[in-house]
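Take a look at the structure below.
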Amino acid sequence: MSEAISVLAAALGDGSVEVVDLTHTLDPDFPVIVLPPEFGQCARFRMEEVSAYDGRGPAWKWHNISMNEHTGTHFDAPIHWVSGRDVANGAVDEIDPAMFVGPVVVIDCSEGAASDDDFELTPEIIAAWEAEHGPIPANSWVLMRTDWSKRRGAEYLNMADDGPHSPGPTPAAIEMLLARDIRGFGTETVGTDAGQGAHYTPPYPAHYLLHGAGKFGLQCLSNLDRLPATGAMLIAPPLKIKGGTGSPLRVLALVPGKTGSGE
Amino acid sequence: MKRQSYEGVVVTAPVSVPYVRYSQETAHWWIARALKQLLDVAGLSPRELDGFSVSSFTLFPDTPVGLTQHLGLSPRWLDSIPMGGASGVVALRRAARAVQAGDVDVVACVAGDANRIDSFRQLLSSFSRFAMDASYPYGSGGPNASFALIADAYMAEYGATREDFGRIAVAQRANALHYPNAIMKSPLTLEQYLSARPISEPFGLFDCVMPCAGAEGFLVMREDEAQRRGLAYARIASTIERHNAFPEDPVQLRGGWVMDVDELYEMAECGPDAIDVLETYDDYPVISMMQFEDLGFCAKGEGPQFVRDRDLTIDGDFPHNTSGGQLSAGQAGAAGGYLGLVEAIRQVTGQAAGTQVAEAKTAMVSGFGMINYDRGLCSSAAIITGAGR
Amino acid sequence: MTDKLLPPKKKNPQLRQRVPTLPPAMRSRAALGLTAAAARGEFSLQHCEDCGAVQYPPRDACSSCLSVKLSWRETGRQGKLIAETRIHASPDPYYRERLPWRSGLVRLDAGPTVLCHLHGDVGRGDTLRMDLKLDKAGQGAMIALPVERTPDMADDPQLRSLTADPKHRRILITDIRSPMTRPLIDGLLAAGAAHVFVGQSESWRRGSDHEAIAALDKVSVVQLDVTDASSVQRLAAEIGGKTDILINTARFVRPGGVLGADTVFAREEFETNALGLMRLAQAFGPGMASRTADGVNSAVALVNLLSVHALSADPHYGAFSASQSAALSISQTLRSEFRSSGLRVINVFTGPTDDEWHQPLPPPKVPPKALAKSVLTALGEGLEDVFCGDVAKDLQERWRKDAKVLERELTGGGA
Numbered sequence: 001m002s003e004a005i006s007v008l009a010a011a012l013g014d015g016s017v018e019v020v021d022l023t024h025t026l027d028p029d030f031p032v033i034v035l036p037p038e039f040g041q042c043a044r045f046r047m048e049e050v051s052a053y054d055g056r057g058p059a060w061k062w063h064n065i066s067m068n069e070h071t072g073t074h075f076d077a078p079i080h081w082v083s084g085r086d087v088a089n090g091a092v093d094e095i096d097p098a099m100f101v102g103p104v105v106v107i108d109c110s111e112g113a114a115s116d117d118d119f120e121l122t123p124e125i126i127a128a129w130e131a132e133h134g135p136i137p138a139n140s141w142v143l144m145r146t147d148w149s150k151r152r153g154a155e156y157l158n159m160a161d162d163g164p165h166s167p168g169p170t171p172a173a174i175e176m177l178l179a180r181d182i183r184g185f186g187t188e189t190v191g192t193d194a195g196q197g198a199h200y201t202p203p204y205p206a207h208y209l210l211h212g213a214g215k216f217g218l219q220c221l222s223n224l225d226r227l228p229a230t231g232a233m234l235i236a237p238p239l240k241i242k243g244g245t246g247s248p249l250r251v252l253a254l255v256p257g258k259t260g261s262g263e
Numbered sequence: 001m002k003r004q005s006y007e008g009v010v011v012t013a014p015v016s017v018p019y020v021r022y023s024q025e026t027a028h029w030w031i032a033r034a035l036k037q038l039l040d041v042a043g044l045s046p047r048e049l050d051g052f053s054v055s056s057f058t059l060f061p062d063t064p065v066g067l068t069q070h071l072g073l074s075p076r077w078l079d080s081i082p083m084g085g086a087s088g089v090v091a092l093r094r095a096a097r098a099v100q101a102g103d104v105d106v107v108a109c110v111a112g113d114a115n116r117i118d119s120f121r122q123l124l125s126s127f128s129r130f131a132m133d134a135s136y137p138y139g140s141g142g143p144n145a146s147f148a149l150i151a152d153a154y155m156a157e158y159g160a161t162r163e164d165f166g167r168i169a170v171a172q173r174a175n176a177l178h179y180p181n182a183i184m185k186s187p188l189t190l191e192q193y194l195s196a197r198p199i200s201e202p203f204g205l206f207d208c209v210m211p212c213a214g215a216e217g218f219l220v221m222r223e224d225e226a227q228r229r230g231l232a233y234a235r236i237a238s239t240i241e242r243h244n245a246f247p248e249d250p251v252q253l254r255g256g257w258v259m260d261v262d263e264l265y266e267m268a269e270c271g272p273d274a275i276d277v278l279e280t281y282d283d284y285p286v287i288s289m290m291q292f293e294d295l296g297f298c299a300k301g302e303g304p305q306f307v308r309d310r311d312l313t314i315d316g317d318f319p320h321n322t323s324g325g326q327l328s329a330g331q332a333g334a335a336g337g338y339l340g341l342v343e344a345i346r347q348v349t350g351q352a353a354g355t356q357v358a359e360a361k362t363a364m365v366s367g368f369g370m371i372n373y374d375r376g377l378c379s380s381a382a383i384i385t386g387a388g389r
Numbered sequence: 001m002t003d004k005l006l007p008p009k010k011k012n013p014q015l016r017q018r019v020p021t022l023p024p025a026m027r028s029r030a031a032l033g034l035t036a037a038a039a040r041g042e043f044s045l046q047h048c049e050d051c052g053a054v055q056y057p058p059r060d061a062c063s064s065c066l067s068v069k070l071s072w073r074e075t076g077r078q079g080k081l082i083a084e085t086r087i088h089a090s091p092d093p094y095y096r097e098r099l100p101w102r103s104g105l106v107r108l109d110a111g112p113t114v115l116c117h118l119h120g121d122v123g124r125g126d127t128l129r130m131d132l133k134l135d136k137a138g139q140g141a142m143i144a145l146p147v148e149r150t151p152d153m154a155d156d157p158q159l160r161s162l163t164a165d166p167k168h169r170r171i172l173i174t175d176i177r178s179p180m181t182r183p184l185i186d187g188l189l190a191a192g193a194a195h196v197f198v199g200q201s202e203s204w205r206r207g208s209d210h211e212a213i214a215a216l217d218k219v220s221v222v223q224l225d226v227t228d229a230s231s232v233q234r235l236a237a238e239i240g241g242k243t244d245i246l247i248n249t250a251r252f253v254r255p256g257g258v259l260g261a262d263t264v265f266a267r268e269e270f271e272t273n274a275l276g277l278m279r280l281a282q283a284f285g286p287g288m289a290s291r292t293a294d295g296v297n298s299a300v301a302l303v304n305l306l307s308v309h310a311l312s313a314d315p316h317y318g319a320f321s322a323s324q325s326a327a328l329s330i331s332q333t334l335r336s337e338f339r340s341s342g343l344r345v346i347n348v349f350t351g352p353t354d355d356e357w358h359q360p361l362p363p364p365k366v367p368p369k370a371l372a373k374s375v376l377t378a379l380g381e382g383l384e385d386v387f388c389g390d391v392a393k394d395l396q397e398r399w400r401k402d403a404k405v406l407e408r409e410l411t412g413g414g415a
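Protein chains in written order, with the numbering used here: chain A, 1 to 263; chain B, 1 to 389; chain C, 1 to 415.
As structure tokens, this is what we get:
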């Protein structure tokens, strides 16, 4: 075991394994999910200066920050959704920490999403991916690449009079992933579900089915275009919030480097 | 009921402490200097003085009570006359009755004020509650603006011109050139008056007095007391006083004298023709013009014609404000309310030196004071007589 | 006729900006009745309850019958100018730098003589209309105006010093999404505003009229989220030096009382409605306060939109009402803090607005256009407290009459 870690350390040192940051900067103006206004809303990230080497604290600078558990690049725990309310160890502070580091596969939907804002991840696409890359390994993260993270501002939520339009998985696709016993599902969009996900049965299938099955979610990811389809390692530990349903976090991927002596 | 005469009471010892434009000295200092002169003239020590009457705007936080300790006095009779331009005559009539009744033997009447840089602004901004609430916030022209409004209304009503007011100011300057204590020492022509920079229209610079520091004083005592001390004195023929006259007038085109002028002459048993020299309260020439009318020297509205017809200088046919008045001698706060009376005492006792009007035996002094809001509230007048020498 | 006020030239950056001074501010307690009337746009004088005599200047006892029962009542504004002067010299620093200054004596038809400021279009002998306005010291001041409106009369320098007229001024409206923003922009531009900045929060979710507003001439859409201190500070750093009027239209409202499961909406309400105002004032206030004597386009006012339930809670909007009370309280402290600069804090109070959050309520409701008009009136007339719409006016009257009775009525069981 210790040998594996030294190998990894060496690979990180010589660039044969690179670290990719999949996280958006926590910014007060970063979009959050928008629900109908009569519902409670996701708090935006806020930061207020407590002192800045001044009368309020002569030698130090620091901020109070506030946000929702689901603000910015964030992790969804099973108890986030009603279907996962009774999942054992379903809060962020209860999840086995081993779940926060693990293999990841990436299904590239960027071409389809470029031409169709409501592009769907379907079982057919998953099947085609598996035909090329082999079966999705159990206990791995599955990330849906759409290049949506390259969008900015209003384009990102893509709100219309009938709600947001952004790509996501169909219920059948989620059923198929669950059949592979994945660890969790992640997206570049503001949620793991499609913008129009409310119109599926069940509504918001990714949330409903994944969390009901004790699986995790990651959203607002970026830089998925820098990940290989297979062979990367994801590091995604949420804050240890008591009874937390999720958490903003720094998501990192270890990927084979372009240089060095890696395989 | 017929008013009792001032028989047996006289006014004497006119003193003036030369004015200065700005001074760091306090009102206490100025009053002390006037008082010292008065006591020296009468041969009294401070502890012997038994009556003291004070007028001052700038004693704060003291009152005349504090002054007694400050100056080492132990009077048995103390008065404070906060009536600005009406103070001199009012102090005189109060003191005269007290002396006459035997409540006091000698009253030293003193008015004096300090004038530090910016103290005039501070005085104006809190001069009275109505001024603070309803006049000072409106352009802060102070009394210049308030009296300019009166002058504007007066001109519109009676056809007075700036030249008419100018005649008063020019004559007073001519008089002041004979009064060594006057602040203004250069002649003034009507052209200069008319072309002076505007202060508050229709007023120009020479319609306005110059605030300064200084003090004036006189003594009131029994006639036998004055004789015993060898003092030249004047008798008090009559006095009047009135406050807030004609409140229903929308703007002040007449003063309180109108209510009391008949009594003034009746008590003195004379008419306007008997007056050899007139000292009016001249915070502005228009107010002097109003006094010519209201004190019976001409009819209401005839002031403009009156000044066109008469010569107001010392040697003229109507000697007026012979020491230059406040317009040329300067306005030392409440001392301005004494200036005319002190000069009048000098005139009828033959002590006026350079400003002496020949054969001046009967003088009238009028006072006017306290623009509380839109008009002067206090009016006063006195006729005094002397031997003329 | 008033000379038309011309747009200001660009500032000479080598000259020191003029430091604000105030006209004389000291008043007796009685005279504050004039200030209270001026703040509301009323022309009120003391009337004797026993003999009916109208009093001026304000006093503590009737000068006709010595009764001490004097009450402030709306009084006829008609009068005649009986004397006038143009002041060319003053020991007062404020007036000294604004000379010459005209003042006059007006005989009111109601009786008293009033010493007042003079509009340039009135002269001795004219009949006129008297008005009470707040001066730069925030005190009630009398000004004589022509009976009929004259062209460009608001440009008169003495009148303009008593108002917050938008002409040639640059205005920041904080929330593009408020339904009153569009009519407000239209009104401000019609009133001659030089430029209108409109804040948008969350650029990633634009409102439907965003494009139309952004396309307007003399209008710029800027990033501003009043709940985000850094956003407010960023914008203040950018345009704080040229913000002459700030109109805070940002508002968060949700129905519901106080007994609920959480404080999520209440927090949003306080963040936006109360703390938002505080953030705006902190970021923009000092800069504006330093520019209140800066010529034609000097900084002049901060306008705050409030529910009239800031005065007394509407239990159906409990947390919202609380946030409005908090905002009102903050505005009062701001008035104190801006006093020395002459920067005016205007509160425009409204009843239920005609929007989604008051949809089930019966009329009358205040349409956005009416609210915008009230803001324009407040600026143009120089008011400090404006009550827009019948509900707000009615509630304010009842509140002034007896706050406890109103509370009992609003909390149920009243007639």
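Heads up, the beta-carbon is just placed ideally off N, CA and C, and yes, glycines get one too.
Query                                                                                                                                                                                   : Result
Under DSSP, the beta strand (DSSP E) around R242 of chain B begins and ends at which residues?                                                                                          : 233 to 243
In terms of alpha-carbon separation, which member of A:T23, A:N139, A:L254, A:A113 lies closest to P238 of chain A?                                                                     : A:T23
Between C:V308, C:H309, C:G287, which lies nearest to V300 of chain C when the distance is taken from Cα to Cα?                                                                         : C:G287
Closest to C116 of chain C by C-alpha separation, out of C:K393, C:G285, C:P57, C:L246, would be which residue?                                                                         : C:P57
Using a Cβ-Cβ cutoff of less than 8 Å, which residues in the same chain neighbour T411 of chain C once the five nearest sequence positions on both sides are dropped?                   : A313, P315
Contact between the region 79 to 91 of chain B and the region 367 to 383 of chain B: three or more CB pairs below 8 Å?                                                                  : yes
Using a Cβ cut-off of 8 Å (strictly closer), state whether P416 of chain C contacts chain B.                                                                                            : Beyond the ends of chain C as shown, which are 1 and 415, falls residue 416 of chain C; an answer cannot be given.
If distances are taken between C-alpha atoms only, which option among A:P171, A:L8, A:D27 comes closest to V19 of chain A?                                                              : A:L8
Count Cβ pairs between the region 172 to 184 of chain B and the region 343 to 355 of chain B that sit closer than 8 Å; are there 3 or more?                                             : yes
Measure how close the beta-carbons of A164 of chain C and R344 of chain C come, nearest whole angstrom, since I'm counting them as under 8 Å.                                           : 6 Å
List the DSSP bridge partners of H195 of chain C.                                                                                                                                       : C:R170
In chain order, which alpha helix (DSSP H) runs of at least 4 residues are fully inside the region 116 to 155 of chain A?                                                               : 123 to 133
Between G256 of chain C and F270 of chain C, how many whole angstroms is the CB-CB distance? I'm expecting something under 8 Å.                                                         : Their Cβ separation, rounded to whole angstroms, is 14 Å, which puts G256 of chain C and F270 of chain C out of contact at 8 Å.
Which runs of the beta strand (DSSP E) spanning at least 3 residues fall entirely within the region 173 to 225 of chain B, listed in chain order?                                       : 198 to 200, 213 to 222
Does the CB of H88 of chain C have a neighbour CB from chain B at under 8 Å?                                                                                                            : yes
What does S203 of chain C reach in chain A if we use C-beta pairs closer than 7 Å?                                                                                                      : D29, G153, A154
Among C:L311, C:L118, C:R98, C:W357, which residue has its Cα nearest to the Cα of P36 of chain A?                                                                                      : C:W357
Taking 8 Å as the threshold (beta carbon to beta carbon), is G382 of chain C in contact with chain B?                                                                                   : no
Roughly how many whole angstroms lie between the Cα atoms of F320 of chain C and Q219 of chain A?                                                                                       : 33 Å
Per DSSP, L234 of chain A is paired with what?                                                                                                                                          : A:G102, A:A253
Starting from D126 of chain C, find everything on chain B with Cβ-Cβ shorter than 8 Å and list it in chain order.                                                                       : Ordered by position in chain B, no residue passes the 8 Å Cβ test against D126 of chain C, which lies about 13 Å from the chain.
In the DSSP assignment, what are the bridge partners of T350 of chain C?                                                                                                                : C:S307, C:C388
Under 9 Å between beta-carbons, which chain C residues line up against V251 of chain B? List them in chain order, please.                                                               : I82, A83, L105, R107, T113
Determine the closest residue to M221 of chain B out of B:M83, B:Y136, B:V365, B:D103, with distance taken between C-alpha atoms.                                                       : B:D103
CB P123 of chain A to CB A172 of chain A, shorter than 8 Å?                                                                                                                             : yes
Taking the alpha-carbon of P20 of chain C as reference, which of C:R206, C:E211, C:Y94 has the nearest alpha-carbon?                                                                    : C:Y94
Taking its Cβ as the centre, do 16 or more other Cβ atoms sit within 10 Å of G351 of chain C, making it buried, or is it exposed?                                                       : buried
For a contact meaning CB atoms closer than 9 Å, what does S28 of chain C contact in chain B?                                                                                            : R129, F130, M132, D133
Where does T333 of chain C sit, in a helix, a strand or coil, going by DSSP?                                                                                                            : helix
Taking one C-beta from the region 164 to 172 of chain B and one from the region 109 to 122 of chain B each time, how about it: are there three or more such pairs within less than 8 Å? : no
Residues of chain A with a CB under 9 Å from the CB of R206 of chain C: which are they?                                                                                                 : G153, A154, M159
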